[in-house]
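The sequence shown begins at 1 in my numbering and counts up by one.
Just so you know, even glycine gets a beta-carbon here, dropped at the ideal spot from N, CA and C.
Input: a single structure, listed below in structure tokens.
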Amino acid sequence: MHSLRTALALALASAALVACSDQPNSAPTDPSGPRVSIPAAVNGDLLTLLPCDINQLKADSRAFTSPSDVLSTIANALQTEIGRRGQSETATDLVLDGLSRIAAIRGTANQNSDITALVFDRLVKGWLACAKPDFVAGAEAPNPPVAAGEVGGFGPALGSHWVFEVRGKDTDPAGGAYERNKPALTSSIFWALEQGEATWAASIGGSLKPDRVFIYGYQTSSETIPAKSGSSFDHFTIPKISPDGTRNPTFTLSMKVGLCGVEGLGTGRRVNHDGVFLPLESNFACTPPAVIADGSSIYAFRLLNPISLAQRAIEFFGPQQLHAALGGVVGSRPKGLSPSSVYDLSAYLLTGLDSIADGRTSKPLALKKGGDVTVTVSFDGALAPKGTPVTVSVVGNKSSIAFFKDGSNGTPGPTVTRYANASGVVSFGDVYLTKAGGYILAFQVTLPNGTGGFDFKGANVIQSNSFNYQGK
Numbered sequence: 001m002h003s004l005r006t007a008l009a010l011a012l013a014s015a016a017l018v019a020c021s022d023q024p025n026s027a028p029t030d031p032s033g034p035r036v037s038i039p040a041a042v043n044g045d046l047l048t049l050l051p052c053d054i055n056q057l058k059a060d061s062r063a064f065t066s067p068s069d070v071l072s073t074i075a076n077a078l079q080t081e082i083g084r085r086g087q088s089e090t091a092t093d094l095v096l097d098g099l100s101r102i103a104a105i106r107g108t109a110n111q112n113s114d115i116t117a118l119v120f121d122r123l124v125k126g127w128l129a130c131a132k133p134d135f136v137a138g139a140e141a142p143n144p145p146v147a148a149g150e151v152g153g154f155g156p157a158l159g160s161h162w163v164f165e166v167r168g169k170d171t172d173p174a175g176g177a178y179e180r181n182k183p184a185l186t187s188s189i190f191w192a193l194e195q196g197e198a199t200w201a202a203s204i205g206g207s208l209k210p211d212r213v214f215i216y217g218y219q220t221s222s223e224t225i226p227a228k229s230g231s232s233f234d235h236f237t238i239p240k241i242s243p244d245g246t247r248n249p250t251f252t253l254s255m256k257v258g259l260c261g262v263e264g265l266g267t268g269r270r271v272n273h274d275g276v277f278l279p280l281e282s283n284f285a286c287t288p289p290a291v292i293a294d295g296s297s298i299y300a301f302r303l304l305n306p307i308s309l310a311q312r313a314i315e316f317f318g319p320q321q322l323h324a325a326l327g328g329v330v331g332s333r334p335k336g337l338s339p340s341s342v343y344d345l346s347a348y349l350l351t352g353l354d355s356i357a358d359g360r361t362s363k364p365l366a367l368k369k370g371g372d373v374t375v376t377v378s379f380d381g382a383l384a385p386k387g388t389p390v391t392v393s394v395v396g397n398k399s400s401i402a403f404f405k406d407g408s409n410g411t412p413g414p415t416v417t418r419y420a421n422a423s424g425v426v427s428f429g430d431v432y433l434t435k436a437g438g439y440i441l442a443f444q445v446t447l448p449n450g451t452g453g454f455d456f457k458g459a460n461v462i463q464s465n466s467f468n469y470q471g472k
């Protein structure tokens, strides 16, 4: 087996040198029956796979690229391994070799011009079906926005605005997993998922082997929204990362997610992961992916037929110019993966603060008209996204003599941060002042850094009326 893997590595390395690729840096050197459902996904739809079918896998691989391509060599090795030991760790490694090679071919002259989205979706799922069941357990099915009657799943990865890469061992490509095949007009802004440590190998942990990861994702929206930068994007991985960053903890991944080409340093632009803003992480390589000539639609489904593919073969499949690395990036280090967007926290304004009533330290803050103290966060008629943080403090409390408690049993502190709901409203219900005296409160859009300080403080501050608090 050692000699076989050595021969494969040499063959894959040789193939990568001659392959044309739109990979942002060096190309990868590796690359019907009853339905079987793997354990349910946590956050998305279940990825449903048919049983491993090597013959169908090999047929779809030939439909995707030349039978003489190294992908066929990998498929033959996978067939031998499964015949001997079943869906083993070695078989899973070969599955990832195959997916890595598919990623290298995607959008190049090595991809057959008549491949369809339907076949490509079956191809990717066919390879995944031959991996260890625990490796694909909990995986989420891609659910990109598609037009009526169009093929979803992995099929749209033949078009633009997708990431589709394998990372991990030394024979995998170096660098991040980038949104590729961007149209020329937006090629300078793209999503990136990069390793959190010095290498991908150092970033992958847990007991689940092999230590590699399949990364896929797509643009979900490019709608123009006030105070929003660029598109929204969904990233996924196999093995799946749970929301808290571990899976029992068989698989962990230290990573950075960011929007390249949008400056974060010195601005209020921050990544929002599924309703949670995270502190800025700007240390990204952000190697730009290649540009394709035809990108008039977000997903090129109308172009995924043999005639139109042949017409654009020279433009789309030919080598593409790589541009210099970009300096601007808005990024973060999430524990888990979820929908991502970038918003400019500095743009948001606070409104809707009513008069605060006098009270006692044994009672929470309340309005004169009754009810909890609330503020609304918006900009240019658009409400702030869920999770936008707002902090309340005491005006003139430089020595931190007065404190708040977040909840009646909360630890006293100089500020309390609450977060906007889906309606852009931030509630400060169940917030207590700990000392009698006269007060004016200040409300401000901020972003805590997780260590007791703030990653960002907005310039817009609104103040309450003067009110008095008595002891218990």
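Coil, strand or helix - residue i by DSSP
i, result
"G98", "helix"
"R212", "coil"
"N272", "strand"
"P156", "helix"
"S427", "strand"
"K457", "strand"
"A129", "coil"
"A357", "coil"
"F233", "strand"
"E150", "coil"
"L118", "helix"
"T92", "helix"
"R106", "coil"
"A227", "coil"
"G217", "strand"
"Q56", "helix"
"N468", "strand"
"A347", "helix"
"E81", "helix"
Alpha carbon of residue i to alpha carbon of residue j, nearest angstrom
i, j, result
"D170", "P339", "29 Å"
"P412", "R167", "45 Å"
"R154", "P226", "According to the sequence displayed, residue 154 carries Phe and not Arg. Straight-line Cα distance between these residues: approximately 31 Å."
"T361", "G370", "17 Å"
"A324", "Q463", "The predicted model places A324 with a pLDDT of 35, which falls under 50 and marks its position as unreliable, so this point remains unresolved."
"A97", "I82", "One detail in the question is off: residue 97 reads as Asp in this sequence, not Ala. Going by the C-alpha atoms only, they are around 15 Å apart."
"V151", "V119", "10 Å"
"G410", "A366", "18 Å"
"A147", "P156", "11 Å"
"L265", "A75", "46 Å"
"W162", "G217", "6 Å"
"T388", "G196", "25 Å"
"L345", "I54", "51 Å"
"D380", "V425", "16 Å"
"N143", "D45", "8 Å"
"F454", "F277", "12 Å"
"R212", "D274", "25 Å"
"L158", "D121", "9 Å"
"A192", "P67", "32 Å"
"N110", "K256", "31 Å"
"C286", "C260", "6 Å"
"S378", "L47", "37 Å"
Same chain, Cβ closer than 6 Å to residue i, neighbours up to 5 away in sequence not counted
i, result
"T391", "T415, T417, Q444, T446"
"E263", "G328"
"D358", "F467, N468"
"E487", "For the chain, the structure presents residues 1 to 472; residue 487 sits outside this window and is missing."
"T351", "T376"
Identified DSSP bridge partners for residue i
i, result
"V329", "C260"
"E194", "K256"
"L447", "F456"
Classification of residue i by the beta-carbon crowding that lies within 10 angstroms, buried from 16 upward
i, result
"S242", "buried"
"V395", "exposed"
"G175", "buried"
"E194", "buried"
"G438", "exposed"
"K472", "exposed"
"D93", "buried"
"G138", "buried"
"K368", "exposed"
"A117", "buried"
"P51", "exposed"
"K435", "exposed"
"N473", "The shown model of the chain, from 1 to 472, leaves out residue 473, and the question about it has no answer."
"N272", "buried"
"A422", "exposed"
Closer than 7 Å to chain C by CB, residue i
i, result
"C260", "The chain labelled as chain C is not found in the depicted structure, where only one protein chain is given."
Beta-carbon contacts of residue i that lie in its chain and below 8 Å, excluding the five residues immediately before and after
i, result
"A91", "L78, E81, I82, R85, C130, A131, K132"
Contacting residues, own chain, Cβ-Cβ under 7 Å from residue i (five flanking each side not counted)
i, result
"P145", "T220"
"L208", "D134, F135, P239, T250, F251"
"W127", "L57, V95, G98, L99"
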